[in-house]
Structure formats: structure tokens, C-alpha cells
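Number 368 in full-length UniProt numbering belongs to position 368 of the sequence shown; there are no gaps in the numbering.
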Amino acid sequence: AAYAEVPGVSAGLRDPLQETLRVEAGRLLAVDGDTVLVRAPADGPAGLAALDAGSGAVRWSLDPAPPDLAETEGCVVDEVGGLAVCSAGSPQDAVLHLDLRDGALVARTPLPGDVVDWDLLDGDLLVAVREGARLVVVRVTPGLAEGDAPVPRWRVSVPLGGGGDARPLLLDARDGFVTVSGAVGAVVRADDGRLLGAWEPARGYRRVDVLTGPEGFGVWRSPLRGRWFDGDGRPVSDLPGGPVTERVTDGSAPEVVLTLTPLMTAVDLRTGEALWERGDGGYLQPPALPLRLDGMVVLPDGDRLLGVDVRTGDVRWSAPAPTTTQTLFSRPLTDGRRLVVTDLDEEGALVLRAIDLTTGEDAWVVPAPPASLWVYGVGGRGVMQGGGDVVVLG
Numbered sequence: 001a002a003y004a005e006v007p008g009v010s011a012g013l014r015d016p017l018q019e020t021l022r023v024e025a026g027r028l029l030a031v032d033g034d035t036v037l038v039r040a041p042a043d044g045p046a047g048l049a050a051l052d053a054g055s056g057a058v059r060w061s062l063d064p065a066p067p068d069l070a071e072t073e074g075c076v077v078d079e080v081g082g083l084a085v086c087s088a089g090s091p092q093d094a095v096l097h098l099d100l101r102d103g104a105l106v107a108r109t110p111l112p113g114d115v116v117d118w119d120l121l122d123g124d125l126l127v128a129v130r131e132g133a134r135l136v137v138v139r140v141t142p143g144l145a146e147g148d149a150p151v152p153r154w155r156v157s158v159p160l161g162g163g164g165d166a167r168p169l170l171l172d173a174r175d176g177f178v179t180v181s182g183a184v185g186a187v188v189r190a191d192d193g194r195l196l197g198a199w200e201p202a203r204g205y206r207r208v209d210v211l212t213g214p215e216g217f218g219v220w221r222s223p224l225r226g227r228w229f230d231g232d233g234r235p236v237s238d239l240p241g242g243p244v245t246e247r248v249t250d251g252s253a254p255e256v257v258l259t260l261t262p263l264m265t266a267v268d269l270r271t272g273e274a275l276w277e278r279g280d281g282g283y284l285q286p287p288a289l290p291l292r293l294d295g296m297v298v299l300p301d302g303d304r305l306l307g308v309d310v311r312t313g314d315v316r317w318s319a320p321a322p323t324t325t326q327t328l329f330s331r332p333l334t335d336g337r338r339l340v341v342t343d344l345d346e347e348g349a350l351v352l353r354a355i356d357l358t359t360g361e362d363a364w365v366v367p368a369p370p371a372s373l374w375v376y377g378v379g380g381r382g383v384m385q386g387g388g389d390v391v392v393l394g
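Spelled out as C-alpha cells, the structure:
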């Protein structure tokens with residue numbers, strides 16, 4: 001229960017996992033706990049169905065689905081409203097808000113202009129659109145529109161620079177901020193839309209990365225050095241190295257940020273001082289690990305997986321690293337007490353392995369479902385992918 005509110009944490013993993021449901025990868029739209037939202041098979045009508053993640057039973061179906069959902073690229077779960085929010089139209093010109101309980105259409109929110117990306121924030125919709133040589137980010141309440149135009153709660157505009165290319169670009173919302181990373185970087189206060197800053201890449205580089213934390217945000221105009229700002233956008237310190245995304249974090253030890261130098265480096269964001277370093281410098285990109293819980297980060301270090309104290313760098317435990325590297329570059333599957341990875345047994349067969357995050361010992365090891373390659377967490381459940389299928393675990 002202590003980890004239930006941590007974003008990215010899945011349901012309890014005390015017992016060994018097994019396959020409960022298998023669907024073609026192209027049919028999967030969203031996972032939310034015990035509900036799996038899928039589109040109809042390619043050779044059938046343009047339907048939509050919600051399946052029970054444990055049994056595969058159909059909870060409800062729309063046959064046919066709303067016309068502009070026929071070519072949806074996917075759905076995002078709005079946990080605040082218990083909705084599936086799905087892109088609609090081709091090209092994308094709206095999002096549909098479906099009640100996950102019965103598939104009822106709750107709202108249709110039109111998307112303005114040339115949509116680059118969209119995300120959810122406390123039940124509202126965040127949309128980034130290109131308007132000429134500028135990027136505009138708006139926050140709108142679902143269903144609130146005048147004609148075909150959504151009514152924004154706030155609207156922010158920043159210059160794109162670099163010829164006005166808005167792609168690739170990532171819109172994100174967490175820690176009370178709305179951030180833009182990509183051809184331009186920007187940070188906006190989520191509540192009132194106040195622009196705290198906008199940045200272009202440093203000379204010779206093509207993107208800006210923005211990461212947030214409980215005590216502010218960091219901006220990297222190059223992968224070599226970043227700068228940390230407080231919650232009001234005032235600069236605090238310079239950070240050595242590039243950004244590291246912690247896909248699961250409880251925000252513990254908030255004064256410490258991790259960077260790649262290319263060693264995994266813990267930096268005191270108040271001073272910019274490096275506290276400790278780990279790793280062999282062999283990272284090609286920031287992996288999905290580390291994950292941060294209870295003042296500890298779990299990270300790969302050569303052929304070992306380490307539980308390291310965030311503040312001191314002391315190793316709390318050490319375990320053999322998984323031999324299947326895909327696990328280290330996907331969203332980690334954890335319930336806060338165990339980390340589940342894919343590995344190879346002594347005979348070279350793929351297994352699911354649960355590592356106790358207190359001791360580093362194996363909690364359990366079981367054969368992996370057939371034709372599956374790597375495991376990750378999504379929507380509060382374990383999912384495996386490989387061979388063109390998505391396998392839901394339970």
C-alpha cells in the first residue's frame with residue numbers, strides 16, 4: 001500500500017507471474033489494472049472491446065466503434081476520471097473520452113491545428129500544436145468547446161527556432177510542471193500556465209531535454225551539461241553530464257539528481273557537486289533503470305545489479321545483472337518491493353526473475369511465456385512483448 005500512489009508501480013508481485021492474456025501487438029490500445037482495451041482483429045469490423053486482464057473475458061464491446069476511432073493510434077488512461085482517452089480521426093483532429101466501465105462516450109474534445117503531441121493532466125488535456133514558427137501549448141477541459149475549437153484554461157506560446165521544426169517533441173506533465181523536450185525546451189507551471197522558461201539546443205546539438213523533480217527542474221541544452229532551476233524558474237546550479245530519466249521514482253532524496261558523465265553520477269542539485277559515481281561508462285543511452293524508492297536507486301554496474309544509497313553511494317545489496325539487456329532499456333516492472341526482469345537460466349531458456357529490493361536475493365524464478373522477449377510495467381500490470389504479440393501477466 002505504501003507504494004500504491006507512486007507512478008509506474010504495478011500491483012503486488014509477491015507470487016510468480018504467468019500468462020493470463022495474449023493479443024496481437026497491433027490490437028492493444030491501453031492497459032489499466034484489470035482492464036485491457038483492444039481493437040477488433042484486422043479482418044473484422046472496426047470494433048473496440050475491453051477484456052478482463054485475468055481471464056480474457058469481454059467486459060464490453062463497441063461494434064462498430066465510433067467512426068473516428070477506426071484509425072486511432074492508441075489510448076491513454078485517465079486515472080482521475082476512469083476514462084480511456086483515445087486519439088481520433090485521420091489525420092488526428094480530436095480525442096474521445098470513453099468510460100472504462102462500459103465504453104460510453106463521455107466527451108469529444110477537438111484538437112486545434114497541427115497537433116505535435118498531447119498528454120493528460122488531472123483530468124484535463126494538454127495539447128502542443130505548431131502555429132507557423134511557434135509552438136503553442138494549451139490546457140483544456142474535456143468537452144468544453146466553442147464550435148470546433150476547445151476552450152483553453154491557459155495558453156502558452158514559444159518560438160521554435162531552428163527553422164521551426166516541431167518534431168520530434170515530447171510533452172509531459174509531472175511534479176506540478178508541464179514540460180516540452182525536443183526541438184525546443186520549455187517549462188510551464190501546470191496550475192496557472194505561467195511560462196518559467198524556454199530554451200533552444202546549444203550550438204551543434206539538435207534537442208533540449210527537460211526533467212522535473214520535487215524541488216524544481218533541470219534543462220539540458222546538450223548531453224554534456226545541464227542546469228537546475230527552482231520551482232519559480234530561478235537557476236540553482238550547473239549539473240555535469242546528461243539527463244537520466246527515472247521511470248519509477250517516489251521522489252525520495254529530492255536534493256540529489258542522477259546524470260550520465262558517462263558514468264552514472266549522483267549530483268547535489270543545490271551545489272552541482274558530484275556525490276558519487278558508478279558504472280563502467282558503457283551506457284549508450286539512459287536506461288530505464290535506475291528506479292528510485294526509499295532513498296535507494298537500483299542500477300546496472302557491469303555484470304551486477306546494485307541497490308545504492310542515493311545520498312552516500314553506499315551499496316546496500318548486489319545481485320547478478322540480467323543477461324537479457326532488453327530489460328534495462330524498457331519500463332521496469334516493480335511493486336516497490338520486488339523488481340521483475342527477464343533473464344536466461346543455466347540452459348539458456350528465458351525466465352522471469354523477481355529480485356527482492358531489500359536484499360537483492362531472488363524472490364522467485366519461473367519460465368517466461370513462450371514467444372516473449374522482455375517484460376515491462378504498464379497500467380499497473382506486467383506485460384511482455386515479442387513475436388508480434390503482447391502477453392499480459394497476472
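Glycine included, every Cβ here is placed at the ideal spot set by N, Cα and C.
Source: prediction; values computed, not measured.
Could you check if residue i is buried or exposed, using at least 16 other CB atoms within 10 Å of its CB as the buried criterion?
i           : result
SER318      : exposed
LEU284      : Since pLDDT at LEU284 reaches only 40, below the 50 mark, its modelled position is unreliable, and no value is offered.
PRO152      : buried
ALA30       : buried
LEU69       : buried
ARG39       : buried
ALA203      : Note on residue identity: the sequence assigns Arg, not Ala, to residue 203. When all chains shown are included, ARG203 counts as exposed.
GLY282      : The pLDDT assigned to GLY282 is 49, lower than 50, so where the model puts this residue is not dependable; a value taken from the coordinates is nonetheless given after this. That one is exposed.
PRO320      : exposed
THR271      : exposed
ALA186      : buried
ASP124      : buried
residue 409 : Absent from the structure is residue 409, since the part of the chain shown begins at 1 and ends at 394.
GLY302      : exposed
PRO369      : buried
LEU105      : exposed
ASP345      : exposed
As a quick exercise: from the options, pick the residue whose alpha carbon is nearest that of residue i.
i           : options                           : result
TRP60       : ASP52, PRO67 and ASP356           : ASP52
ASP294      : VAL341, VAL31 and ALA253          : ALA253
LEU48       : ASP32, GLY56, LEU28 and GLY33     : LEU28
residue 463 : GLY360, TRP276 and GLY377         : Limits of the chain in this structure are 1 at one end and 394 at the other, which puts residue 463 out of reach.
VAL236      : VAL267, GLY89, ALA40 and VAL9     : VAL267
ALA349      : VAL23, PRO159, PRO367 and ALA274  : PRO367
GLY387      : LEU373, ASP114 and GLY377         : LEU373
ARG331      : ARG292, GLY213 and VAL106         : ARG292
ASP343      : MET384, LEU135, ASP309 and ASP238 : MET384
VAL244      : VAL257, ARG206 and ALA354         : VAL257
ALA25       : ARG14, PRO41 and ASP34            : PRO41
TRP118      : VAL137, GLY103 and ARG108         : VAL137
Check whether the Cβ atoms of residue i and residue j lie closer than 8 angstroms to each other.
i      : j      : result
LEU17  : LEU393 : yes
ARG139 : GLY193 : yes
LEU32  : LEU96  : Leu is not the amino acid found at residue 32; the sequence shown has Asp there. Cβ distance not < 8 angstroms, so ASP32 and LEU96 don't count as in contact.
VAL340 : GLU19  : no
ARG278 : MET296 : no
LEU171 : VAL180 : yes
PHE177 : ALA190 : yes
GLY216 : GLY226 : no
THR324 : GLY377 : no
ALA84  : ARG381 : no
VAL9   : LEU21  : no
ALA133 : VAL116 : no
ASP78  : LEU120 : yes
VAL338 : LEU352 : Before going further, note that residue 338 is Arg rather than Val in the sequence given. Cβ atoms of ARG338 and LEU352: not closer than 8 angstroms.
SER55  : GLY74  : no
LEU135 : LEU111 : no
GLU255 : LEU269 : yes
PRO201 : VAL210 : no
GLU251 : TRP220 : Per the sequence shown, the amino acid found at residue 251 is Gly instead of Glu. Going by C-beta atoms, GLY251 is not nearer than 8 angstroms to TRP220.
LEU299 : VAL310 : no
Starting from residue i and walking both ways along the beta strand (DSSP E), at which residues does that stretch end?
i      : result
GLY185 : 185-189
VAL340 : 338-344
ALA349 : Unbroken run through ALA349: none, as it is neither H nor E.
ALA321 : Counting along the chain, ALA321 falls outside any beta strand (DSSP E), and DSSP gives it neither H nor E.
SER55  : Note, SER55: premise wrong, no beta strand (DSSP E); not H, not E.
GLN385 : 381-386
VAL391 : 389-393
LEU211 : 209-213
ALA198 : 195-199
THR109 : 105-110
VAL76  : 75-78
GLY226 : 225-229
SER222 : 216-222
Tell me, which residues are paired with residue i by DSSP?
i      : result
SER372 : BP columns for SER372 are empty, so no partner.
LEU37  : ALA30 and ALA50
SER61  : ALA49
ARG234 : DSSP, once it has assigned bridges, lists no residue as partnering ARG234.
LEU13  : Partner(s): none; LEU13 has no beta bridge.
LEU125 : LEU120 and VAL140
PRO152 : VAL140
Contact criterion: CB-CB distance below 8 angstroms. Does residue i meet it with respect to chain D?
i     : result
ARG22 : Note that chain D does not occur in the displayed structure, where there is just one protein chain.
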